[in-house]
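Residue numbers (UniProt numbering): 1 to 280.
We put the CB at the ideal spot given by N, CA and C, even for glycine.
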């Protein structure tokens with residue numbers, strides 16, 4: 001029998017802050033408890049309400065999440081706002097948080113080493129755009145539910161702005177959207193673990209070069225990288241098409257400071273991670 005616990009995924013189009021905050025939205029403007037950038041930003045008609053323009057915001061994510069397993073979230077904004085004459089053109093921005101029923105942030109984010117996104121004010125409970133990312137209209141990152149017994153439900157709050165680029169708080173539209181997710185429970189299968197298998201990195205500790213065995217159920221594009229304990233990519237190891245079956249990944253840790261790292265392997269069938277201890 002399939003048992004599901006619903007979780008609501010809410011996306012709010014938050015203003016890129018029309019260049020008021022071109023480096024990313026300040027933490028806490030994620031739509032939680034009614035907060036949004038509509039507090040300051042106004043449409044060309046001076047309207048402070050959301051969802052009054054012709055643009056939109058959408059969320060793409062798996063329908064089921066599993067305790068301790070990362071899932072990809074993509075926020076996309078359709079910006080139909082009329083660009084301001086003499087301005088910088090249409091711009092977009094966003095902020096995301098994930099909270100349990102009590103409003104407490106839950107789980108963790110992985111920014112995938114992207115230069116287009118960052119933690120808002122350095123607070124790892126919020127993901128927002130960067131200056132490099134405010135000209136694109138979609139952003140993808142990972143969220144990992146707590147391992148063990150995660151909350152029965154979570155809500156993902158997001159914000160993005162369809163801004164007109166006039167370097168002020170006027171002329172911007174804010175949109176909202178929601179998507180329901182289900183927490184996989186006993187009796188419901190999660191992602192097919194056999195589709196991607198990652199063996200342990202060996203030898204360990206790594207003092208230069210090591211290897212890990214990767215097995216794919218079908219061919220596909222693979223990216224392998226080393227990340228540090230803060231989730232920052234410190235080295236790209238492989239990127240390209242891999243055949244179905246077994247392959248060996250070379251793990252080059254030469255020159256890295258001693259410490260604990262993680263081998264992160266992304267494939268079309270999912271992500272796998274492995275612990276890497278580097279010693280000099």
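Taking the CB atoms as reference points, tell me whether residue i and residue j lie closer together than 9 Å.
i, j, result
"residue 77", "residue 162", "yes"
"residue 264", "residue 201", "no"
"residue 224", "residue 172", "no"
"residue 124", "residue 24", "no"
"residue 361", "residue 271", "Nothing can be reported for residue 361, as the shown portion of the chain is limited to 1 through 280."
"residue 219", "residue 210", "no"
Does residue i pass the burial test, meaning 16 or more other C-beta atoms within 10 Å, or should it be called exposed?
i, result
"residue 144", "buried"
"residue 96", "buried"
"residue 90", "buried"
"residue 30", "buried"
"residue 149", "exposed"
"residue 212", "buried"
"residue 68", "exposed"
"residue 38", "The predicted model places residue 38 with a pLDDT of 48, which falls under 50 and marks its position as unreliable; any figure quoted below should be read in that light. Counting Cβ neighbours within 10 Å, residue 38 comes out buried, since at least 16 surround it."
How is the beta strand (DSSP E) around residue i delimited, first residue to last?
i, result
"residue 240", "233-242"
"residue 273", "270-278"
"residue 222", "220-227"
"residue 207", "It is not in any beta strand (DSSP E) - residue 207 carries neither H nor E in the DSSP assignment."
"residue 29", "No beta strand (DSSP E) contains residue 29, which DSSP labels as neither H nor E."
"residue 175", "Note, residue 175: premise wrong, no beta strand (DSSP E); not H, not E."
"residue 245", "245-252"
Tell me the rounded alpha-carbon separation between residue i and residue j.
i, j, result
"residue 71", "residue 248", "25 Å"
"residue 174", "residue 100", "24 Å"
"residue 255", "residue 205", "14 Å"
"residue 142", "residue 167", "31 Å"
"residue 93", "residue 53", "16 Å"
"residue 83", "residue 214", "48 Å"
"residue 257", "residue 216", "31 Å"
"residue 109", "residue 159", "16 Å"
"residue 198", "residue 237", "15 Å"
Completely contained beta strand (DSSP E) runs for the UniProt domain "Reelin" (61-158), where each covers 3 or more residues: Whole beta strand (DSSP E) segments, 3+ residues: 71-78, 91-100, 108-110, 117-119, 127-129 and 138-144.
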